[in-house]
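For reference, each letter of the sequence shown is one residue, going 1248 to 1388 in this note's numbering.
Heads up, the beta-carbon is just placed ideally off N, CA and C, and yes, glycines get one too.
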Amino acid sequence: MSELVIAPELKAQLRVEAAYLHRALFGFEPAVEIAERYASANVHCLGHLAHEQSRVDRIIEGKLDVEAVECAMRHLRPDNLLTRKLHVLLYLVEVRRSYYHLFFNETSARLKGNIRICVHILRSVYKAVKGRLLIWRYGLG
């Protein structure tokens, strides 16, 4: 199988996008390999949704809360481009050893776990409301 050729401008844009989304989810910069694979996966798997790219660009340019916007958009349109892009990024990182601790907990902590679930339920409601407001305010719907 031949290597996918991506225009340098598009590759640079997708690397910036990967970094922004990665920082939003994990709070730190992605490895170069993750950004490269993200760019390739976007061109190869999501190229047919390019007509929705301007919405993602506005989210990044406006430095909006990606989690909030995605949460609201997922409820409005489950097949939206932002959700798919985040799925690609999560797929790329979840198999890496350095991310293991972010996806799995190997210690038993029932009380702490129940408290965290409650906090995250409240956080999800907040993010959904905030996301709807951001979609309305920035015309992302």
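query	result
Local Cβ density within 10 Å of L1387, reported as buried at 16 or more and exposed below that	buried
Selection from L1328, A1266, N1361 and T1354 that minimises the alpha carbon distance to L1296	L1328
Local conformation of T1330 per DSSP, three classes	helix
Three-state class that DSSP yields for D1312 in the structure shown	coil
Nonlocal neighbours in the same chain, by C-beta distance under 6 Å from K1310, ignoring five residues either side	none
Cβ of R1379 within 8 Å of any chain B Cβ	Here chain B cannot be found, since the structure has a single protein chain.
I1368, DSSP secondary structure in three states	helix
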